[in-house]
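What follows is one structure encoded as structure tokens, with my remarks underneath.
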Amino acid sequence: MNKLGVNIDHVATVRQARRADEPDPVWAAAEAELGGADGITFHLREDRRHITDRDAELLKRTVATKLNMEMTLDPGIVKIALRLKPDQCTLVPEHRQELTTEGGLDVARLRRRLAPVVKRLNGAGIITSAFIEPAKEQVLASAACGFKAIELWTGGYAHAQNEPAQAAALEELVIALELGWDCGLTVHAGHGLTYRNIEPVAALGGFEEFNIGHSIVARAVFVGLRAAVREMKRLLDRALQTAAVLDRFDVEEAAQKK
Ligand code: PXP
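Positions 4 to 261 (the numbering used here) are the ones given, in order, by the sequence shown.
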């Protein structure tokens with residue numbers, strides 16, 4: 004529960020801004036692991052705008068924790084995934100014009116195209132995860148498609164403009180989380196999570212893994228990646244303790260009412 008996958012794409016983005024050889028996302032992965040990351044996430048985009056094939060190869064050879072590759076259904080990318088065999092493949096939507104992944108994959112619509120790829124990845128011993136919006140039809144379609152996990156898009160929660168909107172988005176996440184469990188799926192979460200907004204989602208205590216990139220790399224510019232990762236891990240652990248305390252109060256309250 005509450006494991007931290009650190010997305011290192013942004014480190015490669017800085018490198019590619021100059022087409023230089025630094026900063027190296029492979030170094031970033033090692034630093035993140037030294038800070039306590041439970042996994043490293045990278046997105047090998049079709050346009051290779053940040054992570055390159057060389058990075059993917061080296062990450063596979065050097066990452067000691069869990070390696071999570073974000074990818075599309077592009078046949079060339081699928082071929083690379085099957086050869087590389089990361090621990091997990093997260094299927095995401097991809098548009099050339101976007102700054103970063105926007106919203107979830109429409110698994111309900113793409114089911115026929117996704118199912119054979121998911122089957123091949125599952126067959127290769129790779130954990131398959133679908134990055135989806137917290138909507139009932141997407142959770143059900145992901146389970147029907149053969150995915151072993153889902154990653155719930157937390158953008159709705161992260162971008163909520165006020166407290167009621169944030170509470171409503173959190174409620175949507177809870178409903179999708181519980182439905183995911185009922186379907187036998189492992190449930191992850193990610194997108195737009197920061198040091199400021201992580202605790203209420205993390206206190207739910209039901210997410211196996213959070214994938215966080217921008218906020219951690221932004222903080223790393225000032226404090227270093229190892230310290231930035233350590234701080235996010237601390238928040239995730241603290242939220243779990245809060246969840247445990249709340250659970251205990253619920254139990255005690257229920258006992259008193261008897
Ligand atoms: N999870 C997925 C599937 C993503 O595509 C991204 C963004 O690349 C993230 C998590 C991390 O989002 P952020 O950079 O906003 O933390």
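Backbone N, C-alpha and C define an ideal beta-carbon position, used for all residues, glycine too. These figures come from a predicted structure and were not determined experimentally.
- In this structure, residue 124 has its beta carbon at no less than 7 angstroms from each heavy atom of the ligand PXP.
- Scanning its chain for C-beta atoms nearer than 8 angstroms, with the 5 sequence neighbours on each side dropped, one finds around residue 142 the residues 135, 153, 179, 182, 183, 186 and 188, in chain order.
- Using a 10 angstroms sphere on the CB of residue 167, the tally of other CB atoms stays under 16, which defines it as exposed.
- As computed with DSSP, residue 91 is found in a beta bridge with 71 and 130.
- For residue 159, the uninterrupted alpha helix (DSSP H) segment begins and ends at 158-161.
- Along the stretch 142-205, the alpha helix (DSSP H) occurs as fully enclosed runs of 4 or more residues at 158-161, 166-185 and 201-205, listed in sequence order.
- Separation of residue 169 and residue 175 (C-alpha to C-alpha, rounded to the nearest whole angstrom) is 10 angstroms.
- DSSP lists 9 and 70 as the beta-bridge partner residues of residue 43.
- Residue 202 holds the alpha-carbon nearest to the alpha-carbon of residue 237 among 202, 22 and 157.
- Short of 6 angstroms from the beta carbon of residue 223, and not among the five residues preceding or following it, lie these beta carbons of its own chain, in chain order: 231.
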